[in-house]
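**Q** Chains C and Y, in that order, give the protein sequences.
Counting in my numbering, the first sequence runs from 571 upward without gaps.
Counting in my numbering, the second sequence runs from 571 upward without gaps.
Take a look at this one; I'll ask things after.
Protein chains: 2
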Amino acid sequence: MLTMPTRYNWLKLQQFCQQVFQKAGVPAGSAAIVAESLIQADLRGVDSHGVVRTPIYLKRVEKNMIDPFAEVEIVSESNATILIDGHNNFGAVIGMNALTLALGKAEQNGAAIVGVKGSNHFGTGAYYAMKAIERDMILLVMSNASQTMPPTGGVRPFIGTNPLAVGVPSNEELPYILDMATSVVARGKIIVSAQKGEDIPFGWAIDKEGNPTTDAQAALEGSVLPLGGAKGYGISMFIDILSGVLTGAGFGKYVNNMYENWNEPQNVGHLFIAVDIKRFLPVEHFKARMDQYIREIKREPKAPGVEEILIPGEIEHRRTVERKKNGIELPVQVVKELDAIGRSYGVSLAEAACQNYSNEESA
Amino acid sequence: MLTMPTRYNWLKLQQFCQQVFQKAGVPAGSAAIVAESLIQADLRGVDSHGVVRTPIYLKRVEKNMIDPFAEVEIVSESNATILIDGHNNFGAVIGMNALTLALGKAEQNGAAIVGVKGSNHFGTGAYYAMKAIERDMILLVMSNASQTMPPTGGVRPFIGTNPLAVGVPSNEELPYILDMATSVVARGKIIVSAQKGEDIPFGWAIDKEGNPTTDAQAALEGSVLPLGGAKGYGISMFIDILSGVLTGAGFGKYVNNMYENWNEPQNVGHLFIAVDIKRFLPVEHFKARMDQYIREIKREPKAPGVEEILIPGEIEHRRTVERKKNGIELPVQVVKELDAIGRSYGVSLAEAACQNYSNEESA
Numbered sequence: 571m572l573t574m575p576t577r578y579n580w581l582k583l584q585q586f587c588q589q590v591f592q593k594a595g596v597p598a599g600s601a602a603i604v605a606e607s608l609i610q611a612d613l614r615g616v617d618s619h620g621v622v623r624t625p626i627y628l629k630r631v632e633k634n635m636i637d638p639f640a641e642v643e644i645v646s647e648s649n650a651t652i653l654i655d656g657h658n659n660f661g662a663v664i665g666m667n668a669l670t671l672a673l674g675k676a677e678q679n680g681a682a683i684v685g686v687k688g689s690n691h692f693g694t695g696a697y698y699a700m701k702a703i704e705r706d707m708i709l710l711v712m713s714n715a716s717q718t719m720p721p722t723g724g725v726r727p728f729i730g731t732n733p734l735a736v737g738v739p740s741n742e743e744l745p746y747i748l749d750m751a752t753s754v755v756a757r758g759k760i761i762v763s764a765q766k767g768e769d770i771p772f773g774w775a776i777d778k779e780g781n782p783t784t785d786a787q788a789a790l791e792g793s794v795l796p797l798g799g800a801k802g803y804g805i806s807m808f809i810d811i812l813s814g815v816l817t818g819a820g821f822g823k824y825v826n827n828m829y830e831n832w833n834e835p836q837n838v839g840h841l842f843i844a845v846d847i848k849r850f851l852p853v854e855h856f857k858a859r860m861d862q863y864i865r866e867i868k869r870e871p872k873a874p875g876v877e878e879i880l881i882p883g884e885i886e887h888r889r890t891v892e893r894k895k896n897g898i899e900l901p902v903q904v905v906k907e908l909d910a911i912g913r914s915y916g917v918s919l920a921e922a923a924c925q926n927y928s929n930e931e932s933a
Numbered sequence: 571m572l573t574m575p576t577r578y579n580w581l582k583l584q585q586f587c588q589q590v591f592q593k594a595g596v597p598a599g600s601a602a603i604v605a606e607s608l609i610q611a612d613l614r615g616v617d618s619h620g621v622v623r624t625p626i627y628l629k630r631v632e633k634n635m636i637d638p639f640a641e642v643e644i645v646s647e648s649n650a651t652i653l654i655d656g657h658n659n660f661g662a663v664i665g666m667n668a669l670t671l672a673l674g675k676a677e678q679n680g681a682a683i684v685g686v687k688g689s690n691h692f693g694t695g696a697y698y699a700m701k702a703i704e705r706d707m708i709l710l711v712m713s714n715a716s717q718t719m720p721p722t723g724g725v726r727p728f729i730g731t732n733p734l735a736v737g738v739p740s741n742e743e744l745p746y747i748l749d750m751a752t753s754v755v756a757r758g759k760i761i762v763s764a765q766k767g768e769d770i771p772f773g774w775a776i777d778k779e780g781n782p783t784t785d786a787q788a789a790l791e792g793s794v795l796p797l798g799g800a801k802g803y804g805i806s807m808f809i810d811i812l813s814g815v816l817t818g819a820g821f822g823k824y825v826n827n828m829y830e831n832w833n834e835p836q837n838v839g840h841l842f843i844a845v846d847i848k849r850f851l852p853v854e855h856f857k858a859r860m861d862q863y864i865r866e867i868k869r870e871p872k873a874p875g876v877e878e879i880l881i882p883g884e885i886e887h888r889r890t891v892e893r894k895k896n897g898i899e900l901p902v903q904v905v906k907e908l909d910a911i912g913r914s915y916g917v918s919l920a921e922a923a924c925q926n927y928s929n930e931e932s933a
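Following this line, the structure appears as structure tokens:
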């Protein structure tokens with residue numbers, strides 16, 4: 571049996587995903603958004619949110635747990651706010667709608683807060699932050715998620731690792747792009763430690779009785795902890811409040827798990843806050859201040875063993891440049907899954923493979 | 571020499587502070603705001619931000635480093651944004667102006683973002699969050715601060731422990747009030763450990779060469795670390811960007827230290843985000859959802875040794891009830907300082923003392 575290639579041209583891989591979604595019945599525009607959102611995550615090195623999610627997204631469409639034809643509805647609107655009901659379309663499609671509305675309203679009125687209910691997993695927050703940055707806007711975006719973390723003092727998952735992303739444009743320096751889960755570490759890191767039979771550091775997780783543990787397997791049966799103890803619990807909680815309680819979406823246990831619940835839509839909620847920079851400072855002046863700020867941070871003296879001080883989004887930018895040039899390396903298991911999906915829809919994954927890494931052009 | 575009382579009636583102590591500020595030339599309305607802001611911190615148990623700050627605030631007025639007569643100016647305004655220049659009045663006075671403008675504009679337009687430059691230390695964020703809650707508004711408020719934490723990989727302080735506060739009303743349950751610095755712990759905890767000759771946990775601080783340390787004294791000569799490693803660094807940085815870079819206030823090293831810099835105003839920046847709940851859900855419906863959310867969290871099974879699961883602001887609420895009833899206990903050193911200040915302005919601290927703890931009425 572021939573070995574399947576594991577390195578893929580980012581744009582061809584995006585086209586592959588887009589075509590698969592289209593063949594599965596997703597409208598072309600939506601398929602393009604979802605595919606772009608996944609590939610942007612892979613390019614930035616956030617592999618957990620990349621094309622690895624194609625199978626689960628497709629399966630939820632096939633099982634009628636995502637409705638790719640749903641109309642995103644504006645439920646209520648004021649000068650500075652919009653509430654939208656995604657009616658269970660793809661999270662990324664609903665998210666792009668929310669972002670577009672937020673940026674447009676911020677352009678008109680200086681700032682806008684768009685709440686979203688009836689949504690699904692919306693990919694990475696950075697995807698939206700980068701698009702806001704292109705429009706010279708500052709974006710704060712947050713989402714709730716299904717239960718993975720206990721409240722401080724609790725034993726079992728109650729809140730999600732509810733992510734927060736913030737994007738801010740600069741001029742000559744890289745833009746500031748923070749995109750973080752509110753857990754100490756991604757659960758994926760604990761899975762890796764368990765697979766290797768290694769201990770995890772104290773403070774990452776608790777076992778299923780609620781005791782702190784360094785045993786990776788016990789941690790997987792227990793819960794990952796919020797970052798910074800009670801502070802992370804508090805941050806995750808207000809993200810749930812703003813994304814879920816305020817919008818009419820699910821919150822706490824009412825945000826359904828994408829992998830486990832096949833009876834109901836997820837009912838994820840999001841909140842987008844867009845700020846029109848020019849209402850505060852002329853954009854060029856603001857960007858010059860950002861450049862100065864970033865340069866001053868990066869020029870700070872470094873701790874022993876540290877080569878460079880980085881700003882949020884800098885590593886991800888470098889990975890994007892590298893992966894656009896050299897391709898996206900996928901785990902064999904992911905390749906097999908995507909290949910099987912491609913075959914079932916008559917779309918060739920092999921055509922997206924990098925033919926020659928060193929000569930591969932970046933698009 | 572007679573022993574001075576150390577326990578004070580909260581309202582009389584607030585009146586004492588207000589009178590001292592007035593005698594020092596601060597207009598009555600401003601004196602009332604600053605005094606209330608300090609006492610609210612003491613009541614909630616955030617003693618570091620309470621009446622202990624009276625001497626430094628007064629000293630900065632006396633040295634012309636705070637201008638209690640400055641007019642807070644609206645620099646620019648749109649439907650959903652305002653930029654104000656505090657022109658170096660008290661932080662709490664400017665903050666209350668910003669809050670009032672934010673709540674009014676959110677009432678009109680659904681949401682408002684108010685940026686502030688030319689300000690000073692504004693007390694606790696919870697002070698503003700509680701006032702927003704009384705108006706059925708959600709408030710996010712942040713401020714930058716003078717340098718205390720290194721960027722991840724750095725050696726010396728560059729960013730402040732830039733605080734973030736969020737307030738959300740509920741109905742029968744306590745409101746959600748998060749008010750946190752973006753450091754692992756307050757520097758005050760390290761000072762206490764150093765005084766006791768105790769080690770501090772790994773991860774709280776680095777020494778002045780940038781090495782992780784458990785030596786409290788070495789930590790004090792070094793820097794306290796952001797919460798959650800790079801995540802806290804990222805959060806603290808966007809607070810600095812939104813509060814300082816965006817508003818035209820200081821950022822990074824341009825936010826001056828209240829205790830050390832006697833040549834220039836602090837030029838602190840803040841950002842207030844007010845959200846009018848009723849633009850998303852009817853207020854009573856939202857509050858019922860908050861009650862449900864809080865009850866569900868508090869009913870979660872508890873880890874070994876945990877008596878109760880708390881929500882952000884719950885401990886502070888209990889302290890407030892207790893201190894309103896039993897008085898605010900002040901360290902002897904603080905009593906001596908306040909007494910000396912009172913004498914110099916002809917205001918009696920002794921009159922604010924609790925006469926009889928058990929019969930003391932709460933006002």
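C-beta: ideal position from N, C-alpha, C; glycine also.
Around the Cβ of Phe639 of chain C, are there at least 16 other Cβ atoms within 10 angstroms (buried) or fewer (exposed)?
**A** Exposed, because fewer than 16 other Cβ atoms sit within 10 Å of the Cβ of Phe639 of chain C.
**Q** How about Ala822 of chain C and Lys872 of chain Y: do their beta carbons lie closer than 8 Å?
**A** Correcting the residue identity first, residue 822 of chain C is Gly in this sequence and not Ala. No, the pair does not count as a contact, with Cβ atoms beyond the cut-off.
**Q** For Arg726 of chain C, go through chain Y and note every residue whose CB falls closer than 8 Å to its CB, in chain order.
**A** Correct list: Glu870 and Pro871.
**Q** Which residue spans inside the stretch 766-796 of chain Y form an unbroken alpha helix (DSSP H) run of at least 4?
**A** Listed in chain order, they are 786-791.
**Q** Does the contact criterion of 3 or more C-beta pairs under 8 Å hold for the stretch 657-672 of chain C versus the stretch 831-843 of chain C?
**A** Contact holds: three or more Cβ-Cβ distances are below 8 Å.
**Q** Just to confirm my understanding: we take Gln589 of chain Y, look at its own chain, exclude 5 residues before and 5 after, and list those with CB closer than 8 Å. What are they?
**A** So the qualifying residues of the chain are Ala601, Tyr915 and Val917.
**Q** Tell me which residues of the stretch 698-728 of chain C have at least one Cβ-Cβ distance to chain Y shorter than 9 Å, keeping chain order.
**A** The residues in question are Ile708, Leu710, Pro720, Pro721, Thr722, Gly723, Gly724, Val725, Arg726 and Phe728.
**Q** What does a CB cutoff of less than 6 Å around Lys675 of chain C pick up in its chain, not counting 5 residues either side in sequence?
**A** If we look at Lys675 of chain C and ignore the five residues flanking it on each side, its Cβ neighbours are Ala682.
**Q** Hey, how far is the Cα of Ala756 of chain C from the Cα of Leu709 of chain C?
**A** Looking at the two C-alpha atoms, the distance is approximately 23 Å.
**Q** What does Tyr829 of chain C reach in chain Y if we use C-beta pairs closer than 7 Å?
**A** By Cβ distance, chain Y contributes nothing, its closest Cβ being about 22 Å from Tyr829 of chain C, past 7 Å.
**Q** Considering Cα atoms alone, identify which of Y:Gly912, Y:Val631, Y:Asn781 and Y:Glu870 is closest to Pro720 of chain C.
**A** Ranking the options by Cα distance to Pro720 of chain C, first place goes to Y:Glu870.
**Q** Could you check where the alpha helix (DSSP H) with Lys906 of chain C kicks off and where it finishes?
**A** Element bounds for Lys906 of chain C: Val902 to Tyr915.
**Q** Out of Y:Asn649, Y:Glu643 and Y:Gly799, which one is the CA nearest neighbour of Asn658 of chain Y?
**A** Cα-wise, what sits closest to Asn658 of chain Y is Y:Glu643.
**Q** For Asp655 of chain Y, collect the residues of the same chain with a Cβ closer than 7 Å to its Cβ; drop the 5 residues on either side in sequence, then sort them by chain order.
**A** Taken in chain order, the residues that qualify are Glu643, Val645, Lys687 and Gly688.
**Q** Buried or exposed: Arg849 of chain C, going by 16 or more other Cβ atoms within 10 Å of its Cβ?
**A** Its Cβ being crowded by 16 or more others within 10 Å, Arg849 of chain C is buried.
**Q** What does the alpha-carbon distance come out to for the pair Asp612 of chain C and Ile770 of chain C?
**A** Going by the C-alpha atoms only, they are around 26 Å apart.
**Q** Using only alpha-carbon positions, find the residue among Y:Phe772, Y:Leu653, Y:Tyr578 and Y:Glu779 that is nearest to Leu875 of chain C.
**A** Per the sequence shown, the amino acid found at residue 875 of chain C is Gly instead of Leu. It is Y:Glu779.
**Q** Under the three-state reduction of DSSP, which class applies to Leu804 of chain C: helix, strand or coil?
**A** Sequence check: residue 804 of chain C is Gly here, not Leu. DSSP places Gly804 of chain C in helix when its eight states are reduced to three.
**Q** Residues bridged to Ala735 of chain C by DSSP?
**A** DSSP output for Ala735 of chain C lists C:Val711 and C:Asp749 as bridge partner(s).
**Q** State the Cα-Cα distance for the pair Phe856 of chain C and Gln717 of chain Y, rounded to the nearest angstrom.
**A** Cα-Cα distance, rounded: 21 Å.
**Q** Counting only runs of 4+ residues fully inside the stretch 816-904 of chain C, write out the alpha helix (DSSP H) ranges in chain order.
**A** Fully enclosed alpha helix (DSSP H) runs of 4 or longer: 853-868 and 884-896.
**Q** Gly730 of chain C and His691 of chain C: beta carbons closer than 8 Å?
**A** Their beta carbons are not under 8 Å apart, which means Gly730 of chain C does not touch His691 of chain C by this criterion.
**Q** Could you tell me the distance, in whole angstroms, from the CA atom of Val598 of chain Y to the CA atom of Tyr697 of chain C?
**A** The residue asked about is misnamed: residue 598 of chain Y is Ala in this sequence, not Val. Cα to Cα, Ala598 of chain Y sits roughly 50 Å from Tyr697 of chain C.
**Q** Going by DSSP in three states, Arg700 of chain C sits in which element: helix, strand or coil?
**A** A small correction: the amino acid at residue 700 of chain C is Met; Arg does not occupy that position in the sequence shown. Three-state result, Met700 of chain C: helix.
**Q** With a CB to CB cut of under 7 Å and the five nearest residues on each side skipped, what residues in its chain are close to Asn579 of chain C?
**A** Excluding positions up to five away in sequence, the list reads Gly897, Ala922, Cys924 and Glu930.
**Q** How would you list, in chain order, the residues of chain Y whose beta-carbon sits under 8 Å from the beta-carbon of Asn781 of chain C?
**A** Correct list: Ala873 and Pro874.
**Q** Could one say the Cβ of Glu791 of chain C lies closer than 8 Å to chain Y's Cβ atoms, at least one of them?
**A** Not closer than 8 Å to any Cβ of chain Y, the Cβ of Glu791 of chain C fails to qualify, so no.
**Q** From the beta carbon of Ser763 of chain Y, is the nearest beta carbon of chain C less than 8 Å away?
**A** By this cut-off, Ser763 of chain Y is not an interface position.
**Q** For my contact list, Pro727 of chain Y and Ser813 of chain Y are in at a C-beta cut-off of 8 Å; report their separation, rounded to the angstrom.
**A** Contact flag wrong, Cβ pair sits at about 17 Å.
**Q** State yes or no: is the beta carbon of Thr651 of chain Y nearer than 8 Å to at least one beta carbon in chain C?
**A** For Thr651 of chain Y, the answer is yes, since a Cβ of chain C falls inside 8 Å of its Cβ.
**Q** So is Thr817 of chain C in contact with chain Y if we call contact Cβ pairs under 8 Å?
**A** By this cut-off, Thr817 of chain C is an interface position.
**Q** So Glu768 of chain C and Ala786 of chain C are in contact, right, with Cβ under 8 Å, and what is the actual spacing, rounded?
**A** Yes, Glu768 of chain C and Ala786 of chain C are in contact; Cβ-Cβ is about 7 Å, under 8 Å.
**Q** Would Val590 of chain Y pass as an interface residue toward chain C - the criterion being a Cβ-Cβ separation below 8 Å?
**A** Not one chain C Cβ lies under 8 Å of Val590 of chain Y.
**Q** Which residues in chain Y sit within 9 Å of Leu748 of chain C, going by Cβ to Cβ distance?
**A** The answer, in chain order, is Lys801, Gly804, Ile805, Met807 and Phe808.
**Q** For Pro733 of chain Y, is the classification buried or exposed, using 16 other Cβ atoms within 10 angstroms of its Cβ as the cut-off for buried?
**A** So Pro733 of chain Y counts as buried.
**Q** Could you check where the alpha helix (DSSP H) with Ile609 of chain C kicks off and where it finishes?
**A** Run containing Ile609 of chain C: Ala598 to Arg614, per the alpha helix (DSSP H) assignment.
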